[in-house]
Every structure is written in C-alpha cells, then in structure tokens.
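Please read the structure below before turning to the comments.
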Amino acid sequence: MRLGSGTFAACCVVIEVLGVALFLRGFFPAPVRSSSRTEHQAEPPAPEPSTGASSNWTKLPPPLFSKVVIMLIDALRDDFVFGSKGVKFMPYTTYLVEKGASHSFVAEAKPPTVTMPRVKVDDNVTRHLDKVLKRGDWDVLILHYLGLDHIGHISGPSSPLIGHKLSEMDNILMKIHTSLLSEERENLSPNLLVLCGDHGMSETGSHGASSMEEVNTPLILISSAFERKPGDIRHPKHVQQTDLAATLAIGLGLPIPENSVGSLLFPSIEGRPVREQLRFLHLNAVQLSKLLQENVPSYKKEPGFEQFKMAERLHGNWIRLYLEENTSEVLFNLGTKVRRQYLDALRTLSLSLSRQVAQYDIYSMLVGTVMVLEVLTLLLLSIPQALSSKAELEVPLWSPVFSLLFYLMFLVLSALHVIVCTSAESSCYFCGLSWLMAGGVMVLISALLCAVVSALAKVFASGKLLSKNPTHPNSRWSELDVVILLGTMGHVLSLGASSFIEEEHQTWYFLVNTLCLALCHEIYRNCFLGDDCEPRRCSHGERGFVNTAPALQDGSIGHDELEPHRASKSPTSLNTLRGWEKWMAMASPWVILTCCRLLRSLNQTGVQWAHRPDLGHWLTSSDHKAELSVLAALSLIMIFALVQRRCSLTSKVAMALGLLGVYCYRAAIGNVLFPWQRDSKDISKGLIEARFVHVFVLGILFTGTKDLLKSQVIAADFTIKTVGLWEIYGGVSLLAALLFRPHNLPVLAFSLLIQTIMAEFVWKPLRHDAAEITVMHYWFGQAFFYFQGNSNNIATVDISAGFVGLDTYVEVPAVFLTAFATFAGPVLWASHLVSFLSSETSSGSALSHACFCYALICSFPVSAYIILVTSLRYHLFIWSVFSPKLLYEGMHILITAAICVFFTAMDQTNTKS
361 MRLGSGTFAA
371 CCVVIEVLGV
381 ALFLRGFFPA
391 PVRSSSRTEH
401 QAEPPAPEPS
411 TGASSNWTKL
421 PPPLFSKVVI
431 MLIDALRDDF
441 VFGSKGVKFM
451 PYTTYLVEKG
461 ASHSFVAEAK
471 PPTVTMPRVK
481 VDDNVTRHLD
491 KVLKRGDWDV
501 LILHYLGLDH
511 IGHISGPSSP
521 LIGHKLSEMD
531 NILMKIHTSL
541 LSEERENLSP
551 NLLVLCGDHG
561 MSETGSHGAS
571 SMEEVNTPLI
581 LISSAFERKP
591 GDIRHPKHVQ
601 QTDLAATLAI
611 GLGLPIPENS
621 VGSLLFPSIE
631 GRPVREQLRF
641 LHLNAVQLSK
651 LLQENVPSYK
661 KEPGFEQFKM
671 AERLHGNWIR
681 LYLEENTSEV
691 LFNLGTKVRR
701 QYLDALRTLS
711 LSLSRQVAQY
721 DIYSMLVGTV
731 MVLEVLTLLL
741 LSIPQALSSK
751 AELEVPLWSP
761 VFSLLFYLMF
771 LVLSALHVIV
781 CTSAESSCYF
791 CGLSWLMAGG
801 VMVLISALLC
811 AVVSALAKVF
821 ASGKLLSKNP
831 THPNSRWSEL
841 DVVILLGTMG
851 HVLSLGASSF
861 IEEEHQTWYF
871 LVNTLCLALC
881 HEIYRNCFLG
891 DDCEPRRCSH
901 GERGFVNTAP
911 ALQDGSIGHD
921 ELEPHRASKS
931 PTSLNTLRGW
941 EKWMAMASPW
951 VILTCCRLLR
961 SLNQTGVQWA
971 HRPDLGHWLT
981 SSDHKAELSV
991 LAALSLIMIF
1001 ALVQRRCSLT
1011 SKVAMALGLL
1021 GVYCYRAAIG
1031 NVLFPWQRDS
1041 KDISKGLIEA
1051 RFVHVFVLGI
1061 LFTGTKDLLK
1071 SQVIAADFTI
1081 KTVGLWEIYG
1091 GVSLLAALLF
1101 RPHNLPVLAF
1111 SLLIQTIMAE
1121 FVWKPLRHDA
1131 AEITVMHYWF
1141 GQAFFYFQGN
1151 SNNIATVDIS
1161 AGFVGLDTYV
1171 EVPAVFLTAF
1181 ATFAGPVLWA
1191 SHLVSFLSSE
1201 TSSGSALSHA
1211 CFCYALICSF
1221 PVSAYIILVT
1231 SLRYHLFIWS
1241 VFSPKLLYEG
1251 MHILITAAIC
1261 VFFTAMDQTN
1271 TKS
C-alpha cells in the first residue's frame, strides 16, 4: 500500500505518542498502597505488646484534642512565616511561634510540587467562618485559602499584594485561635489549630520543581496542650510533609491511614505519660511495618523492620515492669530507650517506604521504548522514499513474507507477555491491561518490526540511505546542511547530562546563533562571489534532501513560485534582488541576532542564572508600570502590522479589535495602564475583556477554516487557501497575545518579525528546500520556547494562562490554554511553516516533505531521552531534573502529532493506494 510522506509521518508520530505514554506510565511509579483490608472492613488496632502479663490496652486511645482546625494556605513558603515577611505581616503568628503554646516545623514537600488548580477568590472561604465557629456540631474544620498562590502565579513573591494577603491570613488565624481558646474555657478540653502550606513558591511565583523555596513549607501546631515554660526556645525542626497524616490521626483518636508513609511528630505527644507515648509510637510503627510487608517482598531484611521488632520486644519488657508497678530508675531508663528505638524505627521505615515510590515498572517502560525505537528506525529507513520527488513510499502490509514474520513475532511476544506477567513480583501496568488491549499493542509492535525489516531490505537492495539527495547520491552537502546535522546530533547528546538539561536554553540559543552565522556566510558568498563560486545552483537534481521548488528542467511542473524575483532561466542568486532588497538580505542575519540577544535579556531561565535580575523583572515591578504599558502597546501595534498584511478585510478588523481587547484585559487586571490612568486601584478579573478577545479569536479561526474548506471542496482556489492558512495563523497569534504576560509580548512581536525577515530575505532568495526550512522553523520554535521564560522545570509553567476568560476552573479549556501558552513558540513557528510552504511553493510535495522532516527531527530527542532516562533512573537528580524534562518531551511529542496531522490535512498531494 502506498502512502504519502506526510500521512506516513503523522501515523508514525501518533504511534510514538502511544509508546511514550506507555513509557511514562511505567516510569512514574504508582503510590505505595495497602491491600490488607477493603473500604468497608475495619481492622482492629494492634494491641499493646506484652511479655507474660496481659495488657488492658487493646483499643484505640481516646482523642487528644476536642476539635481540630486545619488552615491550609496554598503556596505558603516557610520564610513567609519564619522570615522577615512573617515578622512584618504576620505578627500574631510570629508571637505564637516564638512565645506561644505551639510547635513549629519546616515541612518538606516531595517534588514535583504540583497540585490541581482551582479558583475560589478567599472571601468564599471566610464568609461563613464566624457562624461555623459558633456551632458545636463539628470535630474537624478545614480551610483552604488559594489567594496567596494566585497572587504568586500572577505577580511573584515580591509583589506588594503578598504582604496584604499574609496580613489577612494572620487576622483570620487570630480569629480562629481566639474562638478555640474561648471554647476551651467552657469545655476544659484542648483544641488544635494547624497552620500549613501544601507547597512553596519559586522566585518566579510558580511551583512544581524541587528548589528550597518550592518544597519548604511551614507547619505550626497550636494548642493549649503545648504550653511552654519561660525561656523555652523552640526552633522549627525539619520534617516530612507526610508526617502530618499520622499526627492528626493520633490527635483525633482515629486509625492512621493505611497508605500513609509518614511518622508521628513526637513533640505533639511529648507532654503525655510515657505509656501513652509508647502506645502511639507502637501504633504508627505497626502501620508502617504492615505497609512495608505488602510492598517489599524482602521486608524482613529491611533495617527499619528489624528496628521495629527490637523496639516491640523492649516495649513488651517495659509493659511487664510497668504492670508490676515498678517505679524504679530501671523503668524510666528502659522507657527512654524504647522511645528512642521506636523513633529510629519510624524514621527508617518511612524512608524505606518513600524509596519504594521510586520503583519502576520496567516491563511497561520496555514495551513503550520498543515502540518508540521502531518508529524512529522506520522513519530513518524511509528517508529515500519519503523525500523523493513523488513524496510517497510503499508500506508492505499484505505481502506473504510480511504475514509469516508478523505471525511469528506475535506468537513470540504473546509468550513473553504471559511469562512476564505470571512471574512478576510487583504490579505492572501493561500486565493489568485487558488481553484485547495488550494484544493490540503486540500486533502493533509486530507490524512495526516487519515494516522495519522490509524497509531495511530495500535500503540494502538499493544501496542508498542518507545522501544529499536520494535521486542524486553524489550531490554534495552544503555548510548549512552540516550545521543542521551536527547541531541536531549535539543537542541529542547533550540530554545525557543534568547540567545541559537544566541549561538547555543555552544550547538552543547557541544553535540559533550558529544558524544565523551560517546563513550570513551563505548570503555574503552569493552576493559577493556570484556565479563564479555558486554553491546553490538549484536544479531539480541538485537541491538538498529534496527540491520543493519545481526544477527548471522539468517541463511537467510550472514556473517557480518560490522565487518571484528571479528570471525564469537564471540560477539561484541574490543578484536578482534590487539594491535595497540586497542590503536587507545582507543585514537580515544581524538583525535576527540582535533580536535574539534582546530576547535573552528579557527572561532569565534555567538554574544557574535564574536568580539574576532580568528585564522582565524590571518591567513587572510596580515602579515601572508606565514603561511596561508603553512596551506592551508598541508590541501589540507591531503584531498587528506584521499579521494583518495577508488577511482579509474582515479578519483585519477582527485582529485590530482583538489586540485592543488584549490591552484592555491587561489594564483591567492591573498589569498595564491606560494613558489617562494614574494608578490601578480598580482591578477586576477582566472576564468581559478576555471573553471579548476569545470571540475574535474564534471568529478569525472560523473565517480561515471556511476559506480552507472553500478552496479544497468548492473552488480549489490557491489564493483562497493561502489567505485561509494565514488567517488561522493570525488567530493563533491573537490567542498567544492574549495569554502572554505583558512583558512577554515583545517575544511574540519579535517572533513574527524574524519570520517575516527570514521569509522575505533568506528562504525565498536562497531557495532553501523543505527539509532545511523545516529544521530552521523547528530550531527557532525551540529557542522561542525558552525566550518565553520556560525551562525544563515544571515551576516555570504559567498556570494563570489557563484561567484567562474563566471565572472558575473548567478542566478542558484550562488544560488547553495552559498547554498552548507554554508551547506557543513551537506552535507558532510550525503554523508559519505550513503557511509559508503552502503560499510560496507550487510543488505539491512540499508539505509532505516538511511533515516528514518535522516528525523525524522531533523523534530523535524523545527516542534518545527515554533510553538515557532509563539508564539514569537511579541518578541523584532523576526526580528533580530528568523526570520533569521527560514530561516536557512527552507533551512535545503530543503537540508534534497534532502538528503533523494538521500538515497532512493541508497537504494536497494525491497518494496512490
């Protein structure tokens, strides 16, 4: 069966997405879980250990507190309470920490510090607080305040709004604490107030990674049961965030959650009698040891389990002496020893269980890796056919050899699947799939393997694989081709080092700068050497991987639309350009380099220099709102000038109104100012303005889609199709302008400017082929991903973009808007690639070649990275550096699949079946 190159590449990338998804499911471990009991069956608590004498403590101890109030402040960083901000904005809380009846901790959250987003502006939480506090029909009250996190995502931790929010939280805590104290005087029973955060806040205002600012959160236990003596200074101790679950369970007289991996915070019970202390520690140790037994086959060899058994035996001896009413010093010393042994056992057990979270599903990872590598190999072996002038290739689905090899491989894989799944000691996701789904995956793997064997046989039969041109193996490689090849290989190799992953933006900045210098060399050589030393005489057989513009010698193909300024019989040269155009062409690489240098100064990203001040921080400070407003307005005007030139009149009007709405939205939420504004006191959500822009985005996209359908179904008009594609590109640009923060609008403006310069003064005059143009679009798209301020750190994802135009959290649009805002750079450059190739070439194979090259160049890094991350899965930085990058690669390949499908939909090549 014959397939077009674009269709074939799109199918391959879709399969690759499935493989990467399966690999991710195996790589990111399932949580440690207990299987000892079902939801509806309550297992009795472990009795108190005893030797010889029988203990009468066989039930859960009574609760330590009458009522518990948990005040969870989203994104509450530890220095917001224990640092200078706490002293200034939370005086009541600071008093309780330093002198009050409380125990303070710095609770460490495990990365990635990502939580599901919700929007509940904080008044909704506090609105009924007074009524609830006066009622007596509750035992536990949980207050979740999200305002601090929202401020952080929008303005960062240095925003003046942070101080106002902390003061508000301090007043609410004082109100709750005062109410609990007054109730204690009536009931004579202590209550507990817990102040905590779920994660911290990075210096950019986000979270998700493993920096100290993101993982360290305050945890304060406030109760009259924790009275301290004069001079008792209690410094915050470092604990794990998971320790809170066991502590609250003991405080409420409830069973410790069976899946909890935390240990009891001992200061919360140190005021209780020794027997009660040991009872609480024993219950926690029993729960952790059971969880260890159910998740670790060799649990008896674990140090924590041995320590627990030793502590249990000592505890039994202590109970025997206690029941004998022995009050000697021996009982006290033994009790101290038992307590210390339990605490050591709890620490070790908790650490062992936390390590189990890093157990990998190797079988699922292996199956996913095989699928991805098969796709990459098939793409590589298909280059000669896919990049030929016909842009078609033969896929041998029904040949007899294929069938024999296919059934043999399917039987072998099925047998291996049965063996692995029946002998596996731990749980496996792929083994848990139904036989229909697992069989489908094995059929796919077998089919891919057979296709690879067939393609490999054809390559050996023809004796050619990678030449400059498949139809002319002797054609030579240009300097630009060498730069592209070495740059791609160098980037893939750099993924094996954690430092290069943290600073990957530097790699792309270097590659883009090198590309500009290579283009400068090519332009100058064409301008000054001319025909005497012409490296790019571009006949049909001498173009790079493939000539997307029609060859002059091929009479069956019409005139060359890629070079409108070139005489019909002259070779490729810049000499045909007019005087000012030639000077613009010569200056274009330096203009692009200047733009890139300015953009690098806008957002510091990565790890090494992320703390350095940048232009973005300067612009977003409250003292420079006027400068930011001018820059945003100029950027929006520039965006309109660059986008509107090829749109229809209707789309031009919609674009102008939409960009005006973007500025109005940013003014409404207080980011920028109108000329007649002196301050931004009247801040709103900007819902009306944002939805106003959304309407114009949908209108422009609808107009473009209508033109595309009209050109393909009704009129088959090339001009209508060109306008339709550009309008879709304009709609995407308008959406990006809405979602980008104001200081990032120059990134969008410079992106459009560079695309215009490259199209007019580089790609057209030099007649670069589809492969080279595609790779250049890909490189610039990756560079602009980092120019936006993104990194391989989850904390740099701008969550606030998912709520533009929404007054509450709606999952599908929020996920789409967040993903688009994050990957706007690659998406915009891919959209421009489709529009450029469709409008500037008359070759029907251009989009097919571009789709194939885009799929191939995106498949290299993801294929190499899953191998690298598998081999480095026990690396020290696997969770803080390598795994976030893996998530980015997984999302990138998903977006690549969507791009390739769009390429295929726009492709007009007729494929023969």
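Residue numbers for the sequence shown follow my numbering, beginning at 361 and rising by one.
The beta carbon of each residue, even a glycine, is placed where N, CA and C say it ideally should be.
Rounded separation between F383 and R715 - CA only = Locating residue 383 in the sequence shown gives position 23, counting from the first residue. Locating residue 715 in the sequence shown gives position 355, counting from the first residue. Rounded to the nearest angstrom, the two C-alpha atoms are 20 Å apart.
Measure how close the beta-carbons of L624 and L604 come, nearest whole angstrom, since I'm counting them as under 8 Å.
-> By one-based count along the sequence shown, residue 624 stands at place 264. By one-based count along the sequence shown, residue 604 stands at place 244. Under the criterion of beta carbons closer than 8 Å, L624 and L604 do not qualify as touching, at roughly 10 Å.
Contact check, V429 vs I514, beta carbons under 8 Å = Position 69 of the sequence shown, counted from the first residue, corresponds to residue 429. Position 154 of the sequence shown, counted from the first residue, corresponds to residue 514. It is not a contact, given that the beta carbons lie outside the stated cut-off.
Distance between beta carbons of G560 and D1267, contact taken as under 8 Å = As a position in the sequence shown, residue 1267 is number 907, starting the count at 1. As a position in the sequence shown, residue 560 is number 200, starting the count at 1. Between D1267 and G560 the beta-carbon gap is near 48 Å, outside 8 Å, which marks them as no contact.
State whether the stretch 434-449 contacts the stretch 533-552, with contact taken as three or more CB pairs (one from each stretch) at a distance under 8 Å.
-> Contact annotation: the stretch 434-449 does not touch the stretch 533-552, with fewer than three C-beta pairs closer than 8 Å.
Kindly indicate the opening and closing residues of the alpha helix (DSSP H) around N576.
-> Stepping through the sequence shown from its first residue, residue 576 is reached at position 216. From DSSP, N576 is part of no alpha helix (DSSP H) but of the beta strand (DSSP E) over N576 to I582.
Nearest neighbour of Q968, chosen from L975, E863 and L1047 [CA to CA] = For the purposes of this step, residue 968 is identified with residue 608 of the sequence shown, where counting begins at 1. For the residues L975, E863 and L1047, the minimum Cα distance to Q968 belongs to E863.
How long is the line joining the alpha carbons of S742 and E882, rounded to whole angstroms?
-> Walking along the sequence shown from the start, residue 742 turns up at place 382. Walking along the sequence shown from the start, residue 882 turns up at place 522. Pairing S742 with E882, the inter-Cα distance amounts to about 30 Å.
Grouping DSSP H, G and I as helix and E and B as strand, with all else coil, what is Q719?
-> For the purposes of this step, residue 719 is taken as the residue at position 359 of the sequence shown. Coil at Q719, not helix or strand.
Spatial neighbours of T1134 within its chain, please: CB distance less than 6 Å, with the 5 preceding and 5 following residues excluded, ordered by chain position.
-> Numbered from 1 along the sequence shown, position 774 holds the residue referred to as residue 1134. Same-chain partners within the cutoff: A1210, C1213 and Y1214.
Segments of 3+ residues assigned as beta strand (DSSP E) that fall wholly inside the stretch 574-647 | Fully enclosed beta strand (DSSP E) runs of 3 or longer: 576-582 and 597-600.
Can you tell me whether I1048 is buried or exposed, with buried defined as 16 or more other CB within 10 angstroms of its CB?
-> For the purposes of this step, residue 1048 is identified with residue 688 of the sequence shown, where counting begins at 1. Exposed, because fewer than 16 other Cβ atoms sit within 10 Å of the Cβ of I1048.
Considering only C-alpha positions, which residue in the set V735, W1139, V1083 and A775 is nearest to M849?
-> As a first step, residue 849 must be located in the sequence shown, where it is residue number 489. Checking every option, the nearest Cα to that of M849 belongs to W1139.
Output the boundary residues of the beta strand (DSSP E) element that contains G364.
-> Your numbering for residue 364 matches position 4 in the sequence shown. Unbroken beta strand (DSSP E) run through G364: R362 to G364.
Would a C-beta distance cut-off of 8 Å place A1184 and Q1148 closer than the cut-off?
-> One-based indexing of the sequence shown puts residue 1184 at position 824. One-based indexing of the sequence shown puts residue 1148 at position 788. Yes, these two residues count as a Cβ contact at 8 Å.
Nearest to A1265 by CA position, among A1028, C955 and S1208, is which residue?
-> Within the sequence shown, the letter at position 905 stands for residue 1265. The candidate whose alpha carbon is nearest that of A1265 is S1208.
Closer than 8 Å by C-beta to V373: which residues in its own chain qualify, once you throw out the five before and the five after it? Chain order, please.
-> To locate residue 373, count along the sequence shown from 1; it is residue 13. Take V373, set aside five residues on each side of it, and the residues of its chain with a beta-carbon closer than 8 Å to its own are V735, A1215, C1218, S1219, I1253, T1256, A1257 and C1260, in chain order.
Using the DSSP secondary-structure output, state which residues sit across from A467 in a beta bridge.
-> Here residue 467 refers to the residue found at position 107 of the sequence shown. DSSP, once it has assigned bridges, lists T577 and V599 as partnering A467.
Which whole runs of the alpha helix (DSSP H) in the stretch 654-739 are 4 residues long or more, in chain order?
-> The stretch 654-739 contains these whole alpha helix (DSSP H) runs: 663-683 and 689-716.
In three-state DSSP terms, what is I1029?
-> Residue 1029 sits at position 669 when you count from the first residue of the sequence shown. Reduced to three states, the DSSP call for I1029 is coil.
In chain order, what residues of the same chain lie with their CB nearer than 6 Å to the CB of Y1025, ignoring the 5 residues before and after it?
-> In the sequence shown, counting from the first residue as 1, residue 1025 sits at position 665. G1046, E1049 and A1050, listed in sequence order.
What is the DSSP secondary structure of S462, counted as helix, strand or coil?
-> Counting from 1 along the sequence shown, the entry for residue 462 is found at position 102. Here S462 sits in strand by DSSP.
Are the beta-carbon atoms belonging to Q1115 and H1192 less than 8 Å from one another?
-> Translated into the one-based positions of the sequence shown, residue 1115 becomes position 755. Translated into the one-based positions of the sequence shown, residue 1192 becomes position 832. Yes, they are a contact pair.
Does DSSP put H777 in a helix, in a strand, or in coil?
-> If you number the sequence shown from 1, residue 777 lands on position 417. The three-state secondary structure of H777, taken from DSSP, is helix.
Could you spell out the range, first to last residue, of the alpha helix (DSSP H) harbouring C556?
-> Along the sequence shown, one-based indexing puts residue 556 at 196. It is not in any alpha helix (DSSP H) - C556 instead sits in the beta strand (DSSP E) that spans L552 to C556.
Return yes when the Cβ of Y789 is within less than 8 Å of the Cβ of P389, no when it is not.
-> On the sequence shown, residue 389 is found 29 positions in, with the first residue counted as 1. On the sequence shown, residue 789 is found 429 positions in, with the first residue counted as 1. Their beta carbons are not under 8 Å apart, which means P389 does not touch Y789 by this criterion.
Closest by CA to F1180, which one among L1246, E1132, A1119 and F1100?
-> The residue you call residue 1180 lines up with position 820 of the sequence shown. Check the Cα spacing between F1180 and each of L1246, E1132, A1119 and F1100: the tightest is with F1100.
Chain-order list of residues whose beta-carbon lies under 8 Å from that of N307 (same chain, five-residue window excluded) | Residue coverage of the chain in this structure runs from 361 to 1273, which leaves residue 307 outside it and unanswerable.
Kindly give me the distance between the Cβ atoms of L643 and I616, rounded to whole angstroms, as I take these residues to be in contact under 8 Å.
-> Counting from 1 along the sequence shown, the entry for residue 643 is found at position 283. Counting from 1 along the sequence shown, the entry for residue 616 is found at position 256. About 6 Å; that satisfies the 8 Å criterion.
Give a yes or no on whether the C-beta atoms belonging to V755 and G379 are separated by under 8 Å.
-> Taking the sequence shown and counting its residues from 1, the one referred to as residue 755 is at position 395. Taking the sequence shown and counting its residues from 1, the one referred to as residue 379 is at position 19. Taking the C-beta atoms as reference points, G379 is found no nearer than 8 Å to V755.
With DSSP run on the structure shown, which of helix, strand or coil describes E1171?
-> Looking up residue 1171 in the sequence shown gives position 811. Reduced to three states, the DSSP call for E1171 is helix.
Local conformation of L1299 per DSSP, three classes = Nothing in the structure corresponds to residue 1299, since the chain is present only between 361 and 1273.
Would you say the stretch 649-667 touches the stretch 625-640, given that touching needs at least three Cβ pairs under 8 Å?
-> Contact between the stretch 649-667 and the stretch 625-640 is absent: fewer than three C-beta pairs spanning the two stretches fall below 8 Å.
If you run the structure through DSSP and keep just helix, strand and coil, what is H504?
-> The residue given as residue 504 occupies position 144 in the sequence shown. Residue state, collapsed to three classes: strand.
Using CA coordinates, which residue listed in Q600, A585 and V730 is at the minimum distance from L713?
-> The residue given as residue 713 occupies position 353 in the sequence shown. It is Q600.
Assign M797 to buried or exposed, taking buried as 16 or more other Cβ atoms, counted over all protein chains shown, within 10 Å of its Cβ.
-> Counting from 1 along the sequence shown, the entry for residue 797 is found at position 437. Looking at its Cβ environment, which holds fewer than 16 other Cβ atoms inside 10 Å, M797 is exposed.
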